[in-house]
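Beneath this line is the structure, given in structure tokens, with notes to follow.
Residue numbers (this note's numbering): 633 to 817.
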């Protein structure tokens, strides 16, 4: 499947919570981003740990107006704690969401907090029909998070992704506008 990030106009950088905000990456973010993208624990289910060159490429790729990958920062301090991916996917009313956080900020509810805010944004502001996320087998924390966000596991792509010299199942989760409306009452 091809992913289309063009013309998204999703204004997700305006999403804020009590503790967190989203913003485009800047050149000053290199050290903070390197600290988690080079960490094998963080990258365990994502990719190989990034080299300095890969971190620079990552940062340069996601600058500009309304990029699909945004820095997740602590409000007030503008300290990067990770990043989120949020973009339109193949259809104007379908969005993909994902997140990567520095391990220092795991188990603080940050992913849940920003996930809820982005789902609110998707369904209330953007008129989304469906928001989905994926992970691979073994990433139990991501599976729990998606369930906490009200997402339903809808598909398992058996042994579809190769990581660390072995094939892993990939899990697809989603929430529909009707599911979201039912929960919000």
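Every residue gets a Cβ at the ideal spot worked out from N, C-alpha and C, and that includes glycine.
Reduced DSSP category for residue i - H, G, I as helix; E, B as strand; rest coil
{"i": "residue 807", "result": "strand"}
{"i": "residue 796", "result": "coil"}
{"i": "residue 740", "result": "coil"}
{"i": "residue 720", "result": "strand"}
{"i": "residue 687", "result": "helix"}
{"i": "residue 732", "result": "strand"}
{"i": "residue 749", "result": "helix"}
{"i": "residue 814", "result": "helix"}
{"i": "residue 678", "result": "coil"}
{"i": "residue 725", "result": "strand"}
{"i": "residue 698", "result": "coil"}
{"i": "residue 671", "result": "coil"}
{"i": "residue 777", "result": "helix"}
{"i": "residue 754", "result": "helix"}
Bridge partner(s) assigned by DSSP for residue i
{"i": "residue 790", "result": "Residue 790 pairs with nothing; no bridge assigned."}
{"i": "residue 711", "result": "706"}
{"i": "residue 765", "result": "805"}
{"i": "residue 653", "result": "648 and 705"}
{"i": "residue 662", "result": "For residue 662, which the question treats as bridged, DSSP gives no partner whatsoever."}
{"i": "residue 785", "result": "805"}
Classification of residue i by the beta-carbon crowding that lies within 10 angstroms, buried from 16 upward
{"i": "residue 730", "result": "buried"}
{"i": "residue 723", "result": "exposed"}
{"i": "residue 728", "result": "buried"}
{"i": "residue 784", "result": "exposed"}
{"i": "residue 695", "result": "exposed"}
{"i": "residue 666", "result": "buried"}
{"i": "residue 767", "result": "buried"}
{"i": "residue 765", "result": "buried"}
{"i": "residue 774", "result": "buried"}
{"i": "residue 664", "result": "buried"}
{"i": "residue 683", "result": "exposed"}
{"i": "residue 692", "result": "exposed"}
{"i": "residue 644", "result": "buried"}
Within 8 Å, strictly: CB atoms of residue i and residue j
{"i": "residue 713", "j": "residue 742", "result": "yes"}
{"i": "residue 735", "j": "residue 719", "result": "no"}
{"i": "residue 763", "j": "residue 807", "result": "yes"}
{"i": "residue 788", "j": "residue 805", "result": "no"}
{"i": "residue 801", "j": "residue 790", "result": "yes"}
{"i": "residue 657", "j": "residue 688", "result": "no"}
{"i": "residue 760", "j": "residue 725", "result": "yes"}
{"i": "residue 753", "j": "residue 647", "result": "yes"}
{"i": "residue 751", "j": "residue 668", "result": "no"}
Any chain B beta carbon closer than 8 Å to residue i
{"i": "residue 725", "result": "The structure shown contains no chain B, having only a single protein chain."}
Kindly confirm or deny that the stretch 780-791 and the stretch 743-750 touch, where touching means at least three C-beta pairs closer than 8 Å. In short, these stretches touch, since the Cβ pair count reaches three.
Across the stretch 701-712 and the stretch 652-661, are there enough close Cβ pairs to call them in contact, namely three or more that are closer than 8 Å? yes
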